[in-house]
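Read through the structure below, which is laid out as structure tokens, and then see the notes.
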Amino acid sequence: MTAWIVVAVIVVLLLAFVLLYNSLVRRRAQVDNAWSQIDVQLRRRLDLIPNLVETVKGYAQFERSTLDAVITARQSALTAAPSPQAQASADNMVSGALRQLFALSEAYPDLKANQNFLALQEQLAETESRVAYARQFYNDEVLRLNTAIQHFPTLIVARLFGFTEREYFEAGPEAQAPPKVSFS
Amino acid sequence: MHDLISANKRRTALLVVGFIVFLLLVGWAAGLYIGSPVWGTAVALVFSGLVSFGSYWKSDAIALRVSRAVPADPATYQRLHNLVEGLCIASGLPKPAIYVIEDEAPNAFATGRNPRHAAIAVTSGLLDQMNRVELEGVLAHELSHIRNYDILISTMAVTLVGAIALLSDLAIRLMWWNGGRVRRSGDRSDSGNPLAIVGFILLILAPVIAAILQAAVGRRRETLADVSACQMTRYPPGLISALEKLKADTTVTHAASTATAHMWIEQPLSGVGDAGRLSRLHSLFNTHPPLEERIALLREI
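Same order as they appear, the protein sequences are chains V and B. For the first sequence, our numbering gives the first residue as 154, with consecutive numbering after it. For the second sequence, our numbering gives the first residue as 341, with consecutive numbering after it.
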């Protein structure tokens, strides 16, 4: 009789283990998926930049340094290391350079009236919004994974199979500073 | 915000359990009259379930056809599509089909049996009157309905209401037919069973109580959708401002009807919210919580 009880208990424990392990795998897959979603949106933003640079170049007096900053930032973003922190700082540089460019475009009314420029500006604004949402989603998924890893029964399974907590995406200090513009 | 969400989900679960208990009570009461409580309840539940789940399966097509919604062209309604796509990225949901309804009253609804087969419809009035963040708040509310499987829950509620109505109706008819005697196995002809009176009153009141319970579940899900929307956008002022605009607007949504009233973001029918002597009784049947209450809750987030 007691043999049956022991067998039943073992079966239940095994089942619990399997369920918990699967849930951790699912959470981790969600985090990876969320991370690549950010990448998709960032790539889209980087793809819009060459068009923007071409449109702006036609207005010859436009600050050469600002344009160069955008091009350099784009290059470094394309070649950045895959860790979240490296990506974050590269993308912050791109955001900063773009903000400079758009702030300076205020001084060029012809450029502002250019249809191409306006359409690109709208698309870039839209992409920034989507990047923000994608990062929000990534952070939400990381929260769920980290919480699951820290909760009691799942904790055991996580330690046994080496599930580690992931780091959040955080906007660096560069993102919090206002853009420096000089109309000289 | 997370606490509000879990509290709402818990309250929904409690309401649904209460609903099922109520159904069992009605089943017992009906059983006093039709001779077999278990069979009666089972048959009523199955029949009502078949009818409700038929409509749940096709809920998106039915709701859209009834409201005369047309698909929203991505080129014309660019902002609408962009906002929905952004919110889908934020919540990880697949993008639902988007429809527009020609109606100057601002309103919107969501439908569909699960996130993969979902649709959102907005009125042209909503698109005209709301600015970008307000529209985003409303769309987030509708997407939250889809994410929280509210269509499934309200279908469950409707199934229970249907089963209760069937049971009580059947029992009362049979009782009438039997000349008012209580029929049980091993029948004793004395009708001095006090429980029969309780059962009888329960049967008469059953449909009304069921409707009140269904409305309570609906109101709870509306509040949950409001809070989930704020979690999606991380910007409560957007939805608050939209709700305030809805409060100020008194146009009746013509594309709505009593059957679809519960799906919209704001009560589409006129005559609701009147302050008469029976207003507290009326408020038990409201499909949505009052706008002031919703706005006050969101301000505290």
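All C-beta atoms, glycine included, are put in the ideal place defined by N, C-alpha and C.
Look at Y321 of chain V here: in three-state DSSP terms it is coil, with no helix or strand label. Annotated three-state conformation of F316 of chain V is coil, per DSSP. The beta carbon of I402 of chain B is closer than 7 Å to those of S395 in its chain, skipping five residues each way along the sequence. Taking a C-beta distance under 8 Å as the contact criterion, A241 of chain V and F316 of chain V do not qualify as a contact pair. Burial is judged here by how many other beta carbons sit within 10 angstroms of a residue's own beta carbon; D244 of chain V has at least 16 and is buried.
Using a Cβ-Cβ cut-off of 9 Å, G432 of chain B is close to Q183, N186, A187, Q190, F290, D293, E294 of chain V, given in chain order.
Rounded to whole angstroms, G465 of chain B and S388 of chain B show a C-alpha spacing of 36 Å. Separation of I224 of chain V and Q253 of chain V (C-alpha to C-alpha, rounded to the nearest whole angstrom) is 13 Å. The C-beta distance from A550 of chain B to A480 of chain B rounds to 31 Å, too long to fall under 8 Å, and the pair is not in contact. For A287 of chain V, the nearest beta carbon of chain B is closer than 8 Å to its own beta carbon. Within the same chain, P576, I580 come within 8 Å of R639 of chain B by CB-CB distance, once the 5 residues on both sides are set aside. Per DSSP, the unbroken alpha helix (DSSP H) holding G477 of chain B starts and ends at 472-487. Taking 7 Å as the cut-off between beta carbons, the residues of the region 253-282 of chain V near chain B are E279, S282, in sequence order. Of the residues B:H594, B:D566, B:I441, the one whose Cα lies closest to the Cα of L344 of chain B is B:D566. Contact of G426 of chain B with chain V by beta-carbon distance below 7 Å involves S282, R283, Y286. At a beta-carbon threshold of 7 Å, the residues of chain V lying near N422 of chain B are E279, ordered along the chain. Nearest to W379 of chain B by alpha-carbon distance, out of B:L510, B:E482, B:R350, is B:L510. Between K585 of chain B and M470 of chain B the beta-carbon gap is near 7 Å, inside 8 Å, which marks them as a contact. For I486 of chain B, no Cβ of chain V is located within less than 8 Å of the residue's own Cβ. By the Cβ-count criterion, I537 of chain B is exposed, with fewer than 16 other Cβ atoms from all chains shown falling within 10 Å of its own Cβ. With a cut-off of 8 Å on Cβ pairs, the region 175-182 of chain V is not in contact with the region 202-217 of chain V, counting fewer than three such pairs. Closer than 8 Å to the CB of I635 of chain B there is not a single CB belonging to chain V. Between the alpha carbons of L271 of chain V and C570 of chain B lies a gap of roughly 31 Å. Contact between I191 of chain V and A287 of chain V is confirmed by a C-beta separation of about 4 Å, below the 8 Å threshold. The residues S431, L433, P455, S568, in chain order, have a CB closer than 7 Å to that of R487 of chain B in the same chain once the five nearest residues on each side in sequence are set aside. For I429 of chain B, the closest Cβ of chain V is nearer than 8 Å. Distance from T381 of chain B to G367 of chain B at the Cβ level is roughly 3 Å; contact confirmed, criterion being Cβ atoms closer than 8 Å.
Taken in chain order, the complete alpha helix (DSSP H) segments of 4 residues or longer contained in the region 236-286 of chain V are 237-258, 262-266. Straight across, the Cα-Cα distance linking L624 of chain B with V310 of chain V is about 48 Å. Beta-carbon to beta-carbon, G371 of chain B and S282 of chain V are separated by about 59 Å, too far to satisfy the 8 Å threshold. Distance between T352 of chain B and V361 of chain B, taken at the CA atoms: about 14 Å. With 16 or more other Cβ atoms inside 10 Å of its own Cβ, V478 of chain B counts as buried. One thing to note: S399 of chain B has its Cβ no nearer than 8 Å to the Cβ of T463 of chain B. The beta-carbon of R456 of chain B is placed no less than 8 Å from the nearest beta-carbon of chain V. Per DSSP, reduced to three states, the secondary structure at F362 of chain B is helical. Residues of the region 550-578 of chain B with a C-beta less than 8 Å from any C-beta of chain V: R574, listed in chain order.
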